[in-house]
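Accompanying notes for the structure given below.
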Amino acid sequence: MKILLMCGAGASSGFMAQSMRKAASAQGLDIEIIARSDAELKNNIAGANLVMVGPHLEYNQEAISKSLEGTGVPFIFIDKEAYGALDGAAALKQALDFIGSNEVVQANTSVPAESSVATKKKGQKAPENAEDPADQKGVVGWVNRALAPTLNKICANDYVAAIQESIMSVLPMIMVGSVASMVSVFRNFEILAWLPDISLLNTFSFGLVGLFLSFMLPMKIMEKKDNLKLKNSACLTGIALFLVVCVPTIDGDAGTMALMTNKIGASGMLVAVVTGIFTAVVFGFASRHSLFKKDTIMPDIVVNWVDSLIPVAVCILVGLAFYWNGFDVSLVIQSLFEPIQAIGQTLPGMILCSFLTMFLYSFGFTWILSPIVMTIWYAGIDANALAVAAGGVATNMNLMETFHGLQYIGGQGATLTLCLLLMFSRSRRLKAIGRVTIVPSIFNVNEPIVFGAPVVWNPILMIPMWIISIVLPIVTWLALTIGFCPVPSAPFQLWFLPIYIQAYFATGSVMGVVLCLINTAISLLIWLPFFKVYESQEYAKELAEEEAKGLI
Numbered sequence: 026m027k028i029l030l031m032c033g034a035g036a037s038s039g040f041m042a043q044s045m046r047k048a049a050s051a052q053g054l055d056i057e058i059i060a061r062s063d064a065e066l067k068n069n070i071a072g073a074n075l076v077m078v079g080p081h082l083e084y085n086q087e088a089i090s091k092s093l094e095g096t097g098v099p100f101i102f103i104d105k106e107a108y109g110a111l112d113g114a115a116a117l118k119q120a121l122d123f124i125g126s127n128e129v130v131q132a133n134t135s136v137p138a139e140s141s142v143a144t145k146k147k148g149q150k151a152p153e154n155a156e157d158p159a160d161q162k163g164v165v166g167w168v169n170r171a172l173a174p175t176l177n178k179i180c181a182n183d184y185v186a187a188i189q190e191s192i193m194s195v196l197p198m199i200m201v202g203s204v205a206s207m208v209s210v211f212r213n214f215e216i217l218a219w220l221p222d223i224s225l226l227n228t229f230s231f232g233l234v235g236l237f238l239s240f241m242l243p244m245k246i247m248e249k250k251d252n253l254k255l256k257n258s259a260c261l262t263g264i265a266l267f268l269v270v271c272v273p274t275i276d277g278d279a280g281t282m283a284l285m286t287n288k289i290g291a292s293g294m295l296v297a298v299v300t301g302i303f304t305a306v307v308f309g310f311a312s313r314h315s316l317f318k319k320d321t322i323m324p325d326i327v328v329n330w331v332d333s334l335i336p337v338a339v340c341i342l343v344g345l346a347f348y349w350n351g352f353d354v355s356l357v358i359q360s361l362f363e364p365i366q367a368i369g370q371t372l373p374g375m376i377l378c379s380f381l382t383m384f385l386y387s388f389g390f391t392w393i394l395s396p397i398v399m400t401i402w403y404a405g406i407d408a409n410a411l412a413v414a415a416g417g418v419a420t421n422m423n424l425m426e427t428f429h430g431l432q433y434i435g436g437q438g439a440t441l442t443l444c445l446l447l448m449f450s451r452s453r454r455l456k457a458i459g460r461v462t463i464v465p466s467i468f469n470v471n472e473p474i475v476f477g478a479p480v481v482w483n484p485i486l487m488i489p490m491w492i493i494s495i496v497l498p499i500v501t502w503l504a505l506t507i508g509f510c511p512v513p514s515a516p517f518q519l520w521f522l523p524i525y526i527q528a529y530f531a532t533g534s535v536m537g538v539v540l541c542l543i544n545t546a547i548s549l550l551i552w553l554p555f556f557k558v559y560e561s562q563e564y565a566k567e568l569a570e571e572e573a574k575g576l577i
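Per this note's numbering, the sequence shown starts with residue 26, numbered consecutively.
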């Protein structure tokens, strides 16, 4: 038996998978339980009996169902309480109960059971502290009635989902570049000056992220559209078109082609998205209009070769038409998005990115804004690195390094401090959740605590998360502006490292750690009064339950 767990990046589901494996081993069950990100789902689905999805992806139900279409593998959402407490035994029981009931249903019917692709787990509760959607008013009611359906449609869009998955797929290359930044910081110490300069590692990893995206995006879109016949040709054409619109300098006599490195790096991500989508659209049209009849005697491989000729030629010729006329498409595309980038690197832009991300997360919506926010982050750190290399100074502050390295203390919303408060709570339930989620929180995986406390849909604990999303960016911005600590000027995006380690390597200064400690203290002060109110309610409930049972 094989059970596949899935969450956004595969981190929180990894902790749950480990807990489920222990539970299965304790029961003497031989079950393969693995955790994967949503981008890796299709490559690992073979042989799976069930896919269990993190409850924070419930909003993405339609897209998940679509991605599993044709596999015959059902999926369910992990129970929120089990997920929050990392209760592997409860999650394993939920899985086995579903698999057992599903097999019984299918054994007694000649057609696939309606529950063979589960969109909601049996007996699933509404979010704690949430009213019936029909009775909800204000912000919560608006989210339920208007925002949630809109976000569901956005997430189910093939192009949006493909962009998200493509960015996730290139993250390892971005992280490798961060290793070079770490070594560069070490080399600043005289005792470690002997370490080799491996800055080229960053050049050939993070420095090529635009090029990687130009390949991945057509592939993901073709997969989403189920146009697998011409997928490989689309991927290769995506690279070719991307390189053409980057306007390389070609010297026929010398046999060389020179490219501006910033155009194929993080600064070229937007160009890669546009060229990738264009390539996928052209190939999607071509895949529906073959030059051969269905009953042709030609081998399939020959048919595919010939059918790919026209879309390949069309895409490259479109790029060359601009190239021959000296029209730099990449500059035009970048100029169209410059207002977004410019606003993104202001204090209001930084606050907006932070607040919207946290606001949506407090309702259980994750990764929605990643295509926009990550583009701002990557372009920002790339510009900082180029400025410093040219003898200037780093000025962009809305970066992954400033959020993950200085503000996301234990994850989005600085929930490590909430976790510490839970660990010493009077409430037995809250104390148990705090102790179970402390290890994931140290490594900035906070879905367990966000859904276990819960913060999601909790009218008391949502508010401090919103306040933190505004206060910490302001404090960080002011600290960087007055020179309290250096502005990050090299990519360091190993988000899973404890944040105080990240703070040092992201800024290259111990003052980064000091700023992170200041943000920790501020987040603790913001969480504390709201936690006390929530703790009192939970403790009163526990006392009432004990009194009802005659225990006190």
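For every residue, glycine included, the Cβ atom is placed at its ideal position computed from N, Cα and C.
Of the candidates Trp482, Gly435 and Pro484, Gly435 places its Cα closest to the Cα of threonine 462. Taking C-alpha positions only, glycine 344 is separated from valine 354 by approximately 8 Å. With contacts defined by Cβ atoms closer than 9 Å, alanine 305 and proline 396 do not form a contacting pair. Under the rule that a run must span 4 or more residues, the alpha helix (DSSP H) segments found entirely inside the region 215–280 read 224–228, 234–249 and 256–270. In this structure methionine 247 is buried. Its beta-carbon is surrounded by 16 or more other beta-carbon atoms within 10 angstroms.
Fewer than three Cβ pairs drawn from the region 547–564 and the region 527–536 lie within less than 8 Å of each other, which leaves the two stretches out of contact.
Within the model, the alpha-carbon separation for cysteine 32 versus phenylalanine 100 is close to 12 Å. Fewer than three Cβ pairs drawn from the region 365–383 and the region 263–274 lie within less than 8 Å of each other, which leaves the two stretches out of contact. The straight-line gap separating the alpha-carbon atoms of methionine 399 and methionine 425 is approximately 7 Å. Taking C-alpha positions only, lysine 91 is separated from isoleucine 103 by approximately 19 Å. Nearest neighbour of tryptophan 502 by Cα position, chosen from Leu431, Ser561, Thr545 and Leu217, turns out to be Leu431.
Straight-line spacing of the CA atoms in valine 307 and lysine 456 works out to 56 Å.
The beta carbons of isoleucine 543 and isoleucine 493 sit no closer together than 9 Å. Nearest to alanine 404 by alpha-carbon distance, out of Val512, Gly301, Arg454 and Asn287, is Asn287. Pairwise C-beta distances place the region 203–211 in contact with the region 226–242, as three or more of them are shorter than 8 Å. Judged by DSSP secondary structure, phenylalanine 100 falls within the beta strand (DSSP E) whose first and last residues are 100–102. By the beta-carbon neighbour count (other beta carbons within 10 angstroms, threshold 16), arginine 61 is buried. Taking leucine 385 as reference, the option from Lys249, His81 and Met448 with the minimal CA-CA separation is His81. Under the DSSP assignment, methionine 193 falls in the alpha helix (DSSP H) whose first and last residues are 183–194.
Between glutamine 370 and isoleucine 406, the C-beta spacing is not below 9 Å. In the same chain as leucine 295, and ignoring 5 residues on each side of it, the C-beta atoms closer than 7 Å to its own belong to Ile358, Gln359, Phe362 and Thr400, in chain order. With fewer than 16 neighbouring CB atoms inside 10 Å of its own CB, asparagine 350 falls in the exposed class.
Taking all protein chains shown into account, glycine 95 has fewer than 16 neighbouring C-beta atoms within 10 Å of its C-beta and is therefore exposed.
Your pair glutamine 437 and methionine 200 does not check out as a contact, with CB atoms roughly 19 Å apart and the cut at 8 Å.
Within the same chain, Cβ atoms closer than 6 Å to the Cβ of asparagine 252 are found at Gly309 and Ser312, the five residues on either side in sequence being excluded.
Contact between leucine 549 and threonine 427 does not hold, since the beta-carbon distance rounds to 20 Å and is not under 8 Å. The C-beta distance from serine 191 to leucine 238 rounds to 6 Å, short enough to fall under 8 Å. Going by beta carbons, isoleucine 524 and tyrosine 433 fall inside the 9 Å limit.
Check the Cα spacing between valine 539 and each of Ile551, Val500 and Ile59: the tightest is with Val500. In this structure, the alpha-carbon of alanine 181 lies about 13 Å from that of tryptophan 392. Threonine 262 is positioned such that its CB atom lies closer than 9 Å to that of isoleucine 341. Counting C-beta atoms within 10 angstroms of its own C-beta, glutamate 472 has 16 or more neighbours from the protein chains shown and is therefore classed as buried.
Here leucine 217 is exposed. Its C-beta has fewer than 16 other C-beta atoms within 10 Å. In this structure, lysine 249 lies away from aspartate 332, with their beta-carbon atoms at least 9 Å apart.
Around the beta carbon of methionine 282, fewer than 16 other beta carbons lie within 10 angstroms, which makes this residue exposed. Judged by their CB atoms, glutamine 43 and methionine 77 are not nearer to each other than the 9 Å cut-off.
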